[in-house]
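Beneath this line is the structure, given in structure tokens, with notes to follow.
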Amino acid sequence: MSNPSNINNSKKTHQVNIGRVDGDLHGVTIAGRDVKELAIDTLKVNIFEDDDAPREYRERNDIREMMQKVWITRRLEPLLQEAASPETLFELCPNAVEHPWANIVDTSDQKRELLLVGKSLVDVFNEMQGALLLLGEPGVARTILLLDIVQQALEWAEDPDQPLPVVIPMGWWTNTKQSFAEWLVTILNEKYAIRKTSAHEWLDNGLFMLCLDDLEQIGKDKQRAACITAINDFYQEHGLTQMIVCCHPTSYEATKARLQLQGAVALKTAA
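Heads up: the sequence shown begins at 5 in my numbering, then just goes up one per residue.
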């Protein structure tokens with residue numbers, strides 16, 4: 005299964021230092037306002053700008069600016085003002101995922117658990133070919149790491165050939181008869197005011213980077229397993245899509261199903 009070029013590592017990246025402050029992405033409100041309300045306000049500001057640009061370009065640019073406002077300006081930046089600076093490390097967890105190529109390619113070099121030192125989440129994401137499970141307790145540490153990669157991806161998404169990051173709190177998931185792709189289209193439309201035709205087209209062409217946070221918020225193990233199966237089915241059909249999934253390690257371990265991604269790491273804080 006092939007993926008497009010990973011996050012542009014020719015750009016300058018930086019290591020995020022994480023503090024111990026309470027917070028997560030579970031809620032669908034930011035600064036007391038609903039995510040969709042913020043999204044629509046941003047789209048209203050931009051709707052009459054760049055009238056000469058193609059509609060698809062203007063729509064994509066509006067969504068990119070909205071993601072910047074909702075998740076970076078109103079969420080990440082306030083957290084960074086409060087966070088202390090312990091060093092954050094990643095531990096490889098090869099047994100946490102079912103590697104898509106396990107029956108074809110020898111993955112024995114991934115069987116040992118290794119501590120990754122001096123690597124950012126962007127580095128790890130690229131090494132895992134843009135399909136990563138991040139295990140860590142919900143809170144500011146995991147949130148800052150996820151939103152830092154979103155911030156960098158938003159910068160590179162100025163290039164229309166680069167995927168556009170979208171944050172999807174998995175507390176929004178309902179065990180529906182829809183496919184995961186159809187559910188995503190519904191969520192992108194309802195929560196972020198993205199037209200369904202655009203959402204379909206961009207998903208089909210690998211132009212979204214999906215940031216699926218708070219998988220543990222799907223409370224029952226059976227429902228979480230059903231969601232993981234749906235994600236796997238989606239990834240099999242949309243192999244060009246870059247994806248990062250975040251989950252509490254205990255909740256993930258209690259779920260019998262395993263994600264079929266390129267790799268998994270656990271968030272560790274150095275002593």
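Positions of the beta carbon are idealized from the N, C-alpha and C atoms, including for glycine.
Have a look at residue i and residue j and give me their C-alpha separation to the nearest angstrom.
| i | j | result |
| --- | --- | --- |
| tryptophan 160 | glutamate 95 | 27 Å |
| proline 142 | histidine 252 | 6 Å |
| valine 74 | leucine 158 | 12 Å |
| leucine 244 | glutamine 85 | 35 Å |
| threonine 178 | methionine 70 | 25 Å |
| phenylalanine 212 | isoleucine 191 | 13 Å |
| aspartate 165 | cysteine 97 | 31 Å |
| leucine 120 | threonine 92 | 10 Å |
| arginine 59 | alanine 197 | 15 Å |
| glutamate 131 | valine 269 | 11 Å |
| valine 66 | serine 202 | One detail in the question is off: residue 66 reads as aspartate in this sequence, not valine. Cα-Cα distance, rounded: 13 Å. |
| leucine 271 | leucine 139 | 6 Å |
| asparagine 99 | leucine 136 | 13 Å |
| tyrosine 239 | tryptophan 187 | 14 Å |
| asparagine 236 | glutamate 102 | 10 Å |
| aspartate 163 | arginine 64 | 11 Å |
Leaving out five residues on either side along the sequence, give the residues of the same chain with a beta carbon under 7 Å from the beta carbon of residue i.
| i | result |
| --- | --- |
| lysine 123 | Phe94 |
| threonine 180 | Trp187 |
| histidine 204 | Val189 |
Quick one: what's got a C-beta closer than 6 Å to residue i's C-beta in the same chain, skipping five residues either side?
| i | result |
| --- | --- |
| lysine 200 | Val189, Asn193 |
| arginine 228 | Ile222, Thr259 |
| leucine 216 | Ile172, Met174, Val249 |
| serine 14 | Below a pLDDT of 50, predicted positions are generally treated as unreliable, and serine 14, at 40, falls in that range; the measurement from the model is reported next regardless. Excluding positions up to five away in sequence, the list is empty. |
| leucine 118 | Leu96 |
| serine 255 | Glu220 |
| aspartate 225 | Ala258, Thr259 |
| glutamine 72 | Leu158 |
Does the ligand SAH have a heavy atom nearer than 7 Å to the CB of residue i?
| i | result |
| --- | --- |
| isoleucine 76 | Ligands displayed in this structure: none; no statement on the ligand SAH is therefore possible. |
Thinking just about the alpha-carbon of each residue, which of the options is nearest to the one in residue i?
| i | options | result |
| --- | --- | --- |
| isoleucine 153 | Lys224, Glu186, Lys195, Leu214 | Leu214 |
| methionine 247 | Arg62, Val170, Asp66 | Val170 |
| glutamine 155 | Ile67, Glu205, Leu80, Asn65 | Leu80 |
| tryptophan 206 | Leu168, Gln72, Lys226, Ser183 | Leu168 |
| histidine 242 | Leu149, Phe184, Ala87, Thr180 | Phe184 |
Can you find a CB in chain B that lies within less than 8 Å of the CB of residue i?
| i | result |
| --- | --- |
| leucine 93 | Reference to chain B is not applicable here, since this structure consists of a single protein chain. |
Please return the same chain residues whose Cβ sits closer than 8 Å to the Cβ of residue i, not counting the five positions on each side in sequence.
| i | result |
| --- | --- |
| asparagine 209 | Leu244 |
| isoleucine 76 | Leu151, Val154, Gln155, Leu158 |
My guess is that residue i and residue j are in contact by the Cβ rule of under 8 Å, so how many angstroms apart are they, rounded?
| i | j | result |
| --- | --- | --- |
| leucine 125 | leucine 151 | About 10 Å separates the two Cβ atoms, so there is no contact after all. |
Practice task
Would you check if the stretch 231-242 and the stretch 256-275 touch, i.e. whether three or more CB-CB distances between them fall below 8 Å?
Solution key: When C-beta atoms of the stretch 256-275 are compared with those of the stretch 231-242, three or more pairs fall below 8 Å, so the two segments count as touching.
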